[in-house]
Every structure is written in C-alpha cells, then in structure tokens.
Amino acid sequence: MKFSPDIHSLCCPKCRDGMEPLSHEGVTIDRCTGCEGLWFDGNEADHLKSLPGSEALDSGSARKGRRYNEHDAINCPHCARQMERTADWKQTHIWFEICREHGVFMDAGEFTDLKHETLSDKLRSFLKGHRPA
Ligand SMILES: [Zn+2]
Ligand SMILES: [Zn+2]
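Letter by letter, the sequence shown follows residues 1 to 133 in the UniProt record's numbering.
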C-alpha cells in the first residue's frame, strides 16, 4: 500500500477545518486545528501506540472529542468514501472511523485512551506477583 506524501492539503473529515502535520519519532500524522481530531495514515496509529510519549500528539480536549464523536457519518479525506465506524477490538468503548484503504480518524482524546490502556496493561502485568499481600 502506498500513501500520498501530500498530506498537508487534507481537511478534517469531521469538521472541515484545516489539518496540521505533527511528528513523533519520524512518524507524521495530521491534527485538525478545529476539533483536534487525529488522522493516521495506514497503520500509523498502531505503530505510534507502541512508541513512548506518543500520547503528546493527542493534546486536544477529550471533552471536545466526545462531543464530535456523536457526529459519526464522515468521509475519508483521501477518497471521499464514507468511513466505517469501528470499535477498538480490546477497548470496545472507543469508537473511531476507518477507511480500509487510507487510514484512521480518531477524535481528540481517543488515542490517549487507547494508549493509556496499553500502558496500564503493561503495568498490570509488571506488577503481577510484586504486590504486597
Ligand atoms: Zn476537525
Ligand atoms: Zn479512503
């Protein structure tokens, strides 16, 4: 799969505001300047989830994100087809939009939520057996 390098002209699929590129460890995603939702090309979300500190990309307000989360019929900014709404397979309370060809859109706060669960899972398994009786 190949992605267009011209990601700077994207506009937000949710609120139609502009997107600004943000990088973490060489991975560049786009964040909406309006609703602060995040666009991840291809499997960038999975990749970033495993990188320490990547939640800093998701600096938008989760409260704002939840409000926009109700607005769920959005089209892919690349191919304009309606995106599928899907829940994270592990954390079924987190819903995001996906275009199987181009990427994933998450409302502000959703990526942090996903990431947080990953961290606390790790922590839980780390603490297992070390907890005082
Ligand atoms: Zn937006
Ligand atoms: Zn698409």
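From the three backbone atoms N, C-alpha and C, an ideal C-beta is built for every residue, glycine too.
With 16 other Cβ atoms within 10 Å as the buried cut-off, status of E97: buried
Residues around ligand 2, please: the ones whose beta-carbon is closer than 5 angstroms to some heavy atom of it, in chain order. C76, H78, C79, C99, E101 and H102
Check whether the Cβ of R16 lies closer than 8 angstroms to any heavy atom of ligand 1, and answer yes or no. Yes.
Within 8 angstroms: the Cβ of E36 and any heavy atom of ligand 1? Result yes, Cβ under 8 angstroms from ligand 1.
For the alpha helix (DSSP H) containing E44, list its first residue and its last residue. E44 to K49
Whole alpha helix (DSSP H) elements within the region 17-77, 4-residue minimum: 44-49 and 62-69
For M1, collect the residues of the same chain with a Cβ closer than 8 angstroms to its Cβ; drop the 5 residues on either side in sequence, then sort them by chain order. Summary for M1: the model assigns pLDDT 44, below 50, so the residue's position carries little reliability, and this model does not support an answer.
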